[in-house]
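Chemist: For reference, the structure I am asking about is given below.
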Amino acid sequence: MAKSSRARFGERASLIPFFSLLALLILATLLCIFGWTTPLKNAQGERIRLKGAQEMRYGTDIRGGVEAVFAPHNFDVKPSPEQLDAAAKVLNFRLDKLQILDRELTTSPSAGRLILRFPWRSDETEFKPETALKELGEMAYLTFRKPDGTVAIDGSDVEEASVVLDQRTNTPVVALKLKEEGAQKFADVTGELVGKPLAIYLDETMLSAPVVRDRITGGAATIQRENMTSEEAFDLASKINGGALPFALKPISSSSLSPKLGQNSLHLMTLAGAISFILICIYMVVFYRLPGFIGCISLTAQLVGVLLAISLPQQTLTLQGIAGIILSIGMGVDANIIISSRIKEEARKGLTLPSFLHNGFTKAFSSVMDSNVTVAIAAIVLMFFGSGTILSFAYSLLAGVILNGITGVWMTRKMIASLTKIEALRKPYLYGARRNA
Numbered sequence: 000m001a002k003s004s005r006a007r008f009g010e011r012a013s014l015i016p017f018f019s020l021l022a023l024l025i026l027a028t029l030l031c032i033f034g035w036t037t038p039l040k041n042a043q044g045e046r047i048r049l050k051g052a053q054e055m056r057y058g059t060d061i062r063g064g065v066e067a068v069f070a071p072h073n074f075d076v077k078p079s080p081e082q083l084d085a086a087a088k089v090l091n092f093r094l095d096k097l098q099i100l101d102r103e104l105t106t107s108p109s110a111g112r113l114i115l116r117f118p119w120r121s122d123e124t125e126f127k128p129e130t131a132l133k134e135l136g137e138m139a140y141l142t143f144r145k146p147d148g149t150v151a152i153d154g155s156d157v158e159e160a161s162v163v164l165d166q167r168t169n170t171p172v173v174a175l176k177l178k179e180e181g182a183q184k185f186a187d188v189t190g191e192l193v194g195k196p197l198a199i200y201l202d203e204t205m206l207s208a209p210v211v212r213d214r215i216t217g218g219a220a221t222i223q224r225e226n227m228t229s230e231e232a233f234d235l236a237s238k239i240n241g242g243a244l245p246f247a248l249k250p251i252s253s254s255s256l257s258p259k260l261g262q263n264s265l266h267l268m269t270l271a272g273a274i275s276f277i278l279i280c281i282y283m284v285v286f287y288r289l290p291g292f293i294g295c296i297s298l299t300a301q302l303v304g305v306l307l308a309i310s311l312p313q314q315t316l317t318l319q320g321i322a323g324i325i326l327s328i329g330m331g332v333d334a335n336i337i338i339s340s341r342i343k344e345e346a347r348k349g350l351t352l353p354s355f356l357h358n359g360f361t362k363a364f365s366s367v368m369d370s371n372v373t374v375a376i377a378a379i380v381l382m383f384f385g386s387g388t389i390l391s392f393a394y395s396l397l398a399g400v401i402l403n404g405i406t407g408v409w410m411t412r413k414m415i416a417s418l419t420k421i422e423a424l425r426k427p428y429l430y431g432a433r434r435n436a
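Under numbering that gives the first Met the number 0, the letters of the sequence shown match residues 0 to 436, in that order.
Below is the structure:
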């Protein structure tokens, strides 16, 4: 065991991995702090900017946002509660796709209104509600598209969608009922696409792509998919109904929201986090010496990575998202302490440097990975079933756990192995052994 370890921690060690990883961390930290405007351009001809932590999109509790009241547009009667619920379902779906995770959406059936509260974009400085509402775009545009992307019918041709049980298989399917004009269009397109998919889109997101089996006449059809659950069927039917509403949603009033935690809350949270991080690093260096120092570097890399994972795609950072970051960093601290403790225990047994480093990492690996894998599974489940602030928490937690596996295990091991090339850093005392060992 010691012989195989020596190739990894001893004679063949090189300083290149340490300085390469350190340089990469410095570059990532600079990107996290300042962002970067790339030479590449988007469809509008503007240079693509990679946004740093200072340009994050914060939730309404932290930075404030917009409150808007939506009402049916060009609709003569008051919408039913079912129609409002369907519209809310579509709007929540769209908000998730826009990464607007901190929001509050309520319906008012008595007034036939939808009330939405959501945060400002990171690049908004004038805080005009009317400008912010443009981000939401037009409401619930439903289309049925051919394989070449051509729109065959749209939401105005659909009367309703409902969930029924297939009499042959006893499984849930979505029953589609079309208006008279839409029924003729549907018959034409299904006759053309027998054996091919007819995709259903809500905005630019594909909801389903059922394969046409026969030409469908009469204005009634079913959408079925293998292993479709009742929840999935109701979800698809609700989104189709949302896109098939006989009205468009129009904001009739809007106003600015003040941050619930106050203007200084983000500064205070950042200060508290920085102080806590410094105290943790002091503790690790004092008690675990060189492995503790390397652990502080890996924790810094994990923190920078999580912040970039949120700021680059412009995920909304909510209070729940901050909780996810704190939990993942706590797991990173735990991982580095476990590794450093195992190395310290092995070093005090009087083993050689390659042996106690190899044994320490080997004994710590299973504990660290088991905890990370179980938490990652929980985060994935929350992302799959969650929405809004739950999605924010799950995303930040999953990003932190993945980075913990990379930085807390792989990066720590590579950097310690690299530093063993320096003779002055090969003393067992620096890894936790007693001075007389």
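Quick reminder that beta carbons are idealized off the backbone N, C-alpha and C, glycines included.
If you count every other CB in all the chains shown that lies within 10 Å of the CB of H357, and 16 or more means buried, which is it?
Modeler: Buried is the call here.
Chemist: Since I47 is in the beta strand (DSSP E), which residue starts that stretch and which ends it?
Modeler: R46 to L49 is the extent of the beta strand (DSSP E) around I47.
Chemist: Under 8 Å between the Cβ atoms of A236 and V157?
Modeler: No.
Chemist: Is it buried or exposed for K2, if we count other Cβ within 10 angstroms and need 16 for buried?
Modeler: Low confidence applies to K2: its pLDDT is 44, below 50, so where it sits in the model is not reliable, and the reading given next is rough at best. When all chains shown are included, K2 counts as exposed.
Chemist: Could I get the ranges of all uninterrupted beta strand (DSSP E) runs contained in the segment 80-154, with 3 residues as the minimum, in chain order?
Modeler: Counting only runs of 3 or more, we get 103-107, 112-118, 141-144 and 150-153.
Chemist: Which same chain residues, not among the five before or five after L302, have their C-beta less than 7 Å away from its C-beta?
Modeler: Taken in chain order, the residues that qualify are I328.
Chemist: Along the beta strand (DSSP E) that carries V157, what are the first and last residues, could you check?
Modeler: Segment V157 to L164, the beta strand (DSSP E) holding V157.
Chemist: Under a Cβ-count criterion, where at least 16 other Cβ atoms within 10 Å of its own Cβ denotes burial, should S4 be classed as buried or exposed?
Modeler: Confidence is the limiting factor: at S4 the pLDDT is only 43, short of 50, which leaves the residue's position unreliable, though a coordinate-based value still follows. Buried, because 16 or more other Cβ atoms sit within 10 Å of the Cβ of S4.
Chemist: Of the residues K413, A219, Y57 and F143, which one's Cα is nearest the Cα of Y200?
Modeler: Measuring from the Cα of Y200, the nearest candidate turns out to be F143.
Chemist: Can you tell me whether L177 is helix, strand or coil according to DSSP?
Modeler: Residue state, collapsed to three classes: strand.
Chemist: Whole angstroms is fine: what's the gap from V285's alpha carbon to I296's?
Modeler: One C-alpha to the other measures close to 15 Å.
Chemist: Going by DSSP in three states, F364 sits in which element: helix, strand or coil?
Modeler: Helix at F364.
Chemist: Alpha carbon to alpha carbon, what distance is there between E344 and L390?
Modeler: Taking the straight line from one Cα to the other gives about 40 Å.
Chemist: Please report the straight-line C-alpha distance between S229 and M382, rounded to a whole angstrom.
Modeler: Rounded to the nearest angstrom, the two C-alpha atoms are 20 Å apart.
Chemist: Counting only the same chain and skipping the five closest in sequence on each side, list residues whose C-beta sits under 8 Å from that of F364.
Modeler: V408.
Chemist: In three-state DSSP terms, what is I251?
Modeler: Three-state DSSP puts I251 in a strand.
Chemist: Does the beta-carbon of A232 have 16 or more other beta-carbons within 10 angstroms, so that it is buried, or is it exposed?
Modeler: Buried is the call here.
Chemist: Determine the closest residue to K362 out of F92, K96, I342 and R212, with distance taken between C-alpha atoms.
Modeler: It is I342 whose Cα lies nearest to the Cα of K362.
Chemist: Based on Cα-Cα distance, which residue from P290, K88 and P171 lies nearest to I415?
Modeler: Of the candidates P290, K88 and P171, the one whose C-alpha sits nearest the C-alpha of I415 is P290.
Chemist: If we count the other Cβ atoms within 10 Å of its Cβ and call it buried at 16 or more, is P118 buried or exposed?
Modeler: Burial call: buried.
Chemist: Assign A6 to one of three DSSP states: helix, strand, or coil.
Modeler: Residue placement at A6 cannot be trusted, given a pLDDT of 42 that sits under 50; what the coordinates show is reported in the next sentence. If DSSP states are grouped into helix, strand and coil, A6 belongs with the helices.
Chemist: Rounding to the nearest angstrom, what Cα-Cα distance links G154 and P146 in this structure?
Modeler: Using only the alpha carbons, I get a separation of about 18 Å.
Chemist: Give the DSSP-derived three-state secondary structure of I293 in the structure shown.
Modeler: Note: I293 maps to helix in three-state DSSP.
Chemist: Quick one: grab the DSSP three-state call for R425.
Modeler: DSSP places R425 in coil when its eight states are reduced to three.
Chemist: Might you give, ordered along the chain, the residues of its own chain that have their beta carbon closer than 6 Å to the beta carbon of K413, omitting 5 neighbours on each side?
Modeler: Same-chain partners within the cutoff: P16.
Chemist: By Cβ distance below 7 Å, which residues in the same chain neighbour R450 in space, the five residues on each side in sequence not counted?
Modeler: Given that the chain is displayed from residue 0 to residue 436, the structure contains no residue 450 and the question cannot be resolved.
Chemist: Please state the DSSP three-state secondary structure of G190.
Modeler: DSSP places G190 in helix when its eight states are reduced to three.
Chemist: Give me, in chain order, the residues of the same chain whose beta-carbon lies closer than 8 Å to that of L24; leave out the 5 immediate sequence neighbours on both sides.
Modeler: Cβ within range, chain order: I296, T299, A300 and V303.
Chemist: Roughly how many whole angstroms lie between the Cα atoms of A86 and L396?
Modeler: Whole-angstrom Cα-Cα distance: 30 Å.
Chemist: With C-beta atoms as the reference, is I338 less than 8 Å away from V367?
Modeler: The answer is yes: Cβ separation under 8 Å.
Chemist: The beta strand (DSSP E) with A67 in it runs from where to where?
Modeler: G64 to H72 is the span of the beta strand (DSSP E), which, as asked, contains A67.
Chemist: Check each candidate in E123, A432, F126 and T168 and name the one with the smallest Cα separation from N226.
Modeler: Per the Cα distances, T168.
Chemist: Identify, in the order they occur along the chain, each residue of the same chain with its Cβ nearer than 7 Å to the Cβ of K238, setting aside the five sequence neighbours on each side.
Modeler: Within the same chain, K238 has close Cβ partners K88, V89, F92, L201 and L206.
Chemist: Residues in the same chain with beta-carbon distance under 6 Å from A160, minus the five sequence neighbours each way, listed in chain order, please.
Modeler: So the qualifying residues of the chain are V173, L175, A236, I239 and N240.
Chemist: Would you mind reading off the limits of the beta strand (DSSP E) that contains L201?
Modeler: From DSSP, the beta strand (DSSP E) with L201 extends over A198 to L201.
Chemist: Please determine if the segment 276-284 and the segment 371-380 are in contact, where contact requires at least 3 C-beta pairs separated by less than 8 Å.
Modeler: In short, these stretches do not touch, since the Cβ pair count stays below three.
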